[in-house]
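Below is one structure, written out as structure tokens, with a few remarks after it.
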Amino acid sequence: MITSKKSTKESWRSFLELCSKIHTPDELGRFFDLFLTHEEKETMSSRYLIIKSLIEDQVTQREISRQYHVSIAQITRGSNALKIIDPKLKKLLKTLFEKNQFESPED
């Protein structure tokens, strides 16, 4: 059992390093099948669609809610997260989304 914030941060860092060693989407999918429940994967997928839509800035939050069947609260959390990330990361995501390197299933 993890007993401290330090060990939680260290474990998270180790997990991220492990993720970075996986090179194909298929391998990454199998990897996350091991670590995440179906519900956790659905939550991550929803968060991805929300963040992608917010960065693309083409539709309103209410339209995002209707299109992806997510709550306004979920969209607000995504919007708040985008307000505090490093601007370089936001720019990178925008560039990747524009190049269609990360297509959502609905695209």
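When you line the sequence shown up against the numbering used here, it's residues -14 to 92, in that order. Glycine residues also receive a C-beta, built at the ideal position from the N, C-alpha and C atoms.
Going by the beta-carbon positions, is the gap between residue i and residue j smaller than 8 angstroms?
| i | j | result |
| --- | --- | --- |
| Ile60 | Ile40 | no |
| Leu93 | Lys75 | No statement about residue 93 is possible, as the shown extent of the chain runs from -14 to 92 and does not include it. |
| Ser30 | Val55 | no |
Give the secondary structure of residue i by DSSP, where H, G and I count as helix, E and B as strand, and everything else as coil.
| i | result |
| --- | --- |
| Thr28 | helix |
| Thr9 | coil |
| Asp92 | Only weak support is given to the placement of Asp92: the predicted model assigns it a pLDDT of 43, under 50, and the value that follows is read from those uncertain coordinates. In this structure, Asp92 counts as coil in the three-state DSSP scheme. |
| Asn85 | coil |
| Ser56 | coil |
| Thr80 | helix |
| Ile49 | helix |
| Thr(-7) | helix |
| Thr61 | helix |
| Asp42 | coil |
| Leu21 | coil |
Rank the options by C-alpha distance to the C-alpha of residue i and give the top, closest one.
| i | options | result |
| --- | --- | --- |
| Lys37 | Ser64, His23, Glu12 and Leu13 | Ser64 |
| Glu83 | Asp42, Thr22 and Asp71 | Asp42 |
| Leu78 | Ile57, Val44 and Tyr33 | Tyr33 |
Rounded to whole angstroms, how far is the Cβ of residue i from the Cβ of residue j, which I believe are closer than 8 angstroms?
| i | j | result |
| --- | --- | --- |
| Lys26 | Phe17 | 6 angstroms |
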